[in-house]
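J.: Its first residue numbered 1, the sequence shown is counted upward by one per residue in the UniProt record's numbering. All C-beta atoms in this analysis are idealised placements derived from N, C-alpha and C, irrespective of residue type, glycine included. Once you've had a glance at the structure underneath, I'll fire off some questions.
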Amino acid sequence: MRITETADLWYKNAIIYCIDVETYLDSNGDGTGDLHGLTQRIDYLAEIGVNCIWLMPFYPSPRRDNGYDVADMYGVDSRYGDHGDFVELIRVAHDRGIRVIVDLVINHTSDQHPWFKASRRSKDNPYRDYYVWRAEDPGDTSDQTMFPDSEDGIWTYDDRTEEWYLHHFLHTQPDLNTANPQVRDEIAKMMGFWLQLGVDGFRVDAVPFAINQQTLLGRDEHEFEEPHDYLRALRALLQRRASGQGSAIMLGEVNLPHQEQLTFFGGEDGDQLTMQFDFFTNQRLFLAMARQEAQPLAEALESRPTDFGVEPQYANFLRNHDELTLDLLKETEQEEILDTFGPKEEHRFAGRGLRRRLPGMFDGDPRRLRMAYSLLFTLPGTPVLFYGEEIGMGENLDVPGREAVRTPMQWTSGKNGGFSGAKPSQLSRAVTQGSFGPEHVNAADARRDEDSLLHHISRLAKRYRESPELGWGDYTILDAGDPAVLAHTVTWESRSMVLLHNLVPQPTTAQFTLEKEDPGITLVDLLSEESCTVGEDGSTELPLDGYGYRWLRLKRPGDHRLV
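As structure tokens, this is what we get:
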């Protein structure tokens with residue numbers, strides 16, 4: 001493949017870093033993070049090896065759902081700055097070789113959005129059909145809400161117009177009627193606006209809900225002939241508008257099994273979402289770590305469909321800005337994970353997930369943390385980090401719900417963890433306390449400690465960027481001779497690697513066979529000074545420490561890459 005083609009598909013070897021502007025860095029001392037503060041930390045991100053920032057919603061919002069209740073998709077919340085600050089952030093990031101994607105919320109708006117306010121004025125208001133209304137009582141829909149702890153259904157009665165409106169999330173987030181061509185045109189205009197300001201794509205929120213027409217069937221003439229045509233139209237718009245600035249992406253939130261995700265890629269045509277988060281593999285990964293057996297994760301990787309075009313890509317993650325959802329697993333499997341990593345009720349969200357970060361789940365075990373992040377960077381696809389993961393931030397269980405993992409970034413051991421100079425009572429979010437608080441975990445100390453998790457992740461990022469086969473390659477699961485060891489190969493063109501991860505604290509020996517390789521191939525460990533030669537029959541034995549890991553590059557005759 002030509003270099004220009006791989007450059008256009010930059011996301012296949014990207015390292016994506018998710019940031020909540022409100023909690024990253026406060027530059028003016030008002031207690032709230034802002035765009036100017038984030039811009040001051042671009043060099044820090046470049047040092048880690050990040051080359052794509054994903055900005056969570058920074059739009060005007062009542063923030064009943066961390067900003068995903070958007071009141072103006074064209075705006076910048078004044079607490080974070082203005083459009084000038086946003087453009088400056090884009091300029092500085094691009095200058096450091098870092099791309100920027102932003103959240104695109106196409107399923108719903110805030111109930112404070114001008115469209116919804118207008119839709120409530122009368123049943124014949126022009127904006128009425130921007131949302132989904134019904135005159136009949138929908139009955140009990142409590143089993144369909146995404147927030148069972150705070151919502152009793154997905155329809156809410158509006159006293160003013162005496163009808164019910166749809167909301168799959170909070171009642172303050174009414175669902176848009178995406179079957180309405182006018183709504184789709186508005187969303188296209190929003191995309192065009194941010195692309196014109198220089199963004200490199202979008203993380204598309206709640207995709208299955210936005211194109212699910214089950215609740216709209218029989219309503220009116222706006223029904224889709226094929227709901228996925230909407231995603232095709234958005235992808236086509238993206239490609240047209242971004243053609244002059246390189247390849248822009250749509251990274252979709254699609255929490256579905258692999259075979260169902262295939263449709264959202266566009267099948268063999270690959271003409272819908274560019275990338276999707278791999279929720280299924282994420283949940284099976286935690287099942288594997290709870291059991292300390294590789295099989296659940298190996299089965300997840302083997303279940304990924306491969307019958308689509310070259311562009312679609314999976315994004316891998318350990319934790320994100322929401323709860324660790326487990327809804328694609330059996331109830332017994334969910335309980336295994338909850339009992340292992342969330343034994344207390346305060347650890348859990350809505351009874352179905354975990355509101356914890358990794359260090360808390362692992363009781364601060366540095367060996368297990370290092371292994372987990374090595375595993376993240378070696379899973380076939382694109383790794384995604386949530387801010388603070390690189391230094392080992394913990395959760396704050398004193399704050400409700402999902403906010404437990406959305407605490408201020410810990411920059412120093414000083415006041416408010418260096419996040420803000422404001423009084424603690426004025427902070428938009430409370431700083432984490434205890435063993436994972438800033439006096440114990442912060443970026444300044446981690447930068448000076450060569451053995452810190454920050455340096456470990458920076459090193460993994462560097463090796464990942466030097467190993468395109470991890471993002472591009474085909475993969476095969478190997479039998480390692482120990483159920484606790486995940487062993488897999490990745491191959492792209494003439495480049496191959498073997499990746500080994502031990503999921504238990506006891507040392508072991510990995511025994512595997514590489515087929516169709518010439519005798520004498522050298523395995524060079526990219527994370528140490530060690531190397532070994534593959535046996536005459538392709539067999540190899542390698543020791544692994546407890547929670548150990550190895551990145552082994554196959555060094556063949558004529559391979560001129562530096563190792």
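Any idea if Y59 is buried or exposed, counting beta-carbon neighbours within 10 angstroms, 16 or more meaning buried?
T.: Buried: at least 16 other Cβ atoms inside 10 Å.
J.: With a CB to CB cut of under 8 Å and the five nearest residues on each side skipped, what residues in its chain are close to Y547?
T.: Cβ neighbours of Y547 beyond the five flanking positions: D365, R367, R368, R370, M371, N502, L503, V504 and P505.
J.: May I ask you to verify whether the region 466–486 touches the region 8–19, counting CB pairs closer than 8 Å and requiring at least 3?
T.: Short answer: they touch.
J.: Identify, in the order they occur along the chain, each residue of the same chain with its Cβ nearer than 7 Å to the Cβ of E136, setting aside the five sequence neighbours on each side.
T.: Excluding positions up to five away in sequence, the list is empty.
J.: I'd like to know if the region 89–102 and the region 138–158 are in contact, where contact means that at least 3 CB-CB pairs between them fall below 8 Å.
T.: The region 89–102, when compared against the region 138–158, does not touch it at the 8 Å Cβ threshold.
J.: Can you look up G75 in the DSSP assignment and give me helix, strand or coil?
T.: Correct three-state label for G75: coil.
J.: Taking Cβ positions, are Y80 and W54 nearer each other than 8 Å?
T.: Cβ distance not < 8 Å, so Y80 and W54 don't count as in contact.
J.: Using the Cβ count rule (16 or more neighbours within 10 Å means buried), how would you classify P359?
T.: The residue in question, P359, is buried, as its Cβ has 16 or more Cβ neighbours within 10 Å.
J.: Go to K555, then tell me how far its alpha helix (DSSP H) extends in each direction, as first and last residue.
T.: That residue, K555, is in no alpha helix (DSSP H); its beta strand (DSSP E) goes Y549 to K555.
J.: Does the contact criterion of 3 or more C-beta pairs under 8 Å hold for the region 548–555 versus the region 487–502?
T.: The region 548–555 vs the region 487–502: in contact.
J.: Pull up the distance between the alpha-carbon of F419 and that of E346, whole angstroms please.
T.: About 26 Å.
J.: Buried or exposed: which applies to T332, given that a residue is buried once 16 or more other Cβ atoms fall within 10 Å of its Cβ?
T.: Answer is exposed; the Cβ neighbour count stays below 16.
J.: On a CA-only basis, which of D20, E389, K516 and Q410 is nearest E536? Give me that one, please.
T.: Nearest C-alpha to E536: K516.
J.: In its own chain, which residues sit with a C-beta less than 7 Å from the C-beta of G37, not counting the 5 before and 5 after it?
T.: If we look at G37 and ignore the five residues flanking it on each side, its Cβ neighbours are Y24, L25, D26 and S27.
J.: If R134 and W164 are in contact, beta carbons under 8 Å, what's the gap, nearest whole angstrom?
T.: Confirmed, about 5 Å.
J.: Take the Cβ of R291 as the centre, count every other Cβ of all protein chains shown within 10 Å, and call the residue buried at 16 or more, exposed below.
T.: Looking at its Cβ environment, which holds 16 or more other Cβ atoms inside 10 Å, R291 is buried.
J.: In angstroms, rounded to a whole number, what distance separates the CA positions of M275 and D445?
T.: Near 35 Å, if we compare the C-alpha coordinates of D445 and M275.
J.: Quick one: using the 10 Å Cβ neighbour count with 16 as the cut-off for buried, is F193 buried or exposed?
T.: Under this definition F193 is an exposed residue.
J.: Span of the alpha helix (DSSP H) holding M289?
T.: Residues F279 to R291.
J.: Could you check if V87 is buried or exposed, using at least 16 other CB atoms within 10 Å of its CB as the buried criterion?
T.: Burial call: exposed.
J.: Note down the Cα distance separating D398 from R240, rounded to an integer number of angstroms.
T.: For D398 and R240, the distance between alpha carbons rounds to 47 Å.
J.: Three-state secondary structure (DSSP) at Q511?
T.: Strand.
J.: Alpha carbon to alpha carbon, what distance is there between Y230 and I211?
T.: Distance between the alpha carbons of I211 and Y230: 7 Å.
J.: Within its chain, find whatever has a CB closer than 8 Å to the CB of R120; leave out the 5 residues flanking it on each side and keep chain order.
T.: D158, R160 and T161.
J.: With H, G and I counted as helix, E and B as strand and the rest as coil, what does DSSP make of G394?
T.: G394: coil per DSSP, three-state reduction.
J.: Kindly indicate which three-state DSSP category S303 falls into: helix, strand or coil?
T.: DSSP places S303 in coil when its eight states are reduced to three.
J.: For R348, which of helix, strand or coil comes out of DSSP?
T.: Three-state DSSP puts R348 in a strand.
J.: Taking the C-alpha atoms as reference points, what is the distance between I42 and G394?
T.: Rounded to whole angstroms, I42 to G394 spans 23 Å at the Cα level.
J.: Below 8 Å on the Cβ atoms is my contact criterion, and I expect N316 with D278 to pass it. Report the Cβ-Cβ distance as a whole number of Å.
T.: Indeed, because the Cβ distance is near 6 Å, the residues count as touching under 8 Å.
J.: In or out: Q410 buried (at least 16 other Cβ within 10 Å) or exposed?
T.: With 16 or more other Cβ atoms within 10 Å, it is buried.
J.: When the Cα of H228 is compared with those of A179, N255, I187 and V183, which residue comes out closest?
T.: Here the closest residue by C-alpha is A179.
J.: Note down the Cα distance separating D65 from H108, rounded to an integer number of angstroms.
T.: Approximately 12 Å between the Cα atoms of the pair.
J.: Contact defined as beta carbons within less than 8 Å: I believe K555 pairs with T509. What is the distance between those atoms, to the nearest angstrom?
T.: Contact doesn't hold; Cβ gap of about 22 Å is too wide.
J.: Just the C-alpha distance for V105 and A188, rounded to the nearest angstrom, thanks.
T.: Approximately 12 Å, taken between the alpha carbons.
J.: Only counting the same chain, and skipping five residues up and downstream in sequence, which positions put a Cβ closer than 8 Å to that of L197?
T.: Taken in chain order, the residues that qualify are H83, F86, V87 and I90.
J.: Within the continuous beta strand (DSSP E) that includes D525, where are the two ends?
T.: That run of the beta strand (DSSP E) goes T522 to D525.
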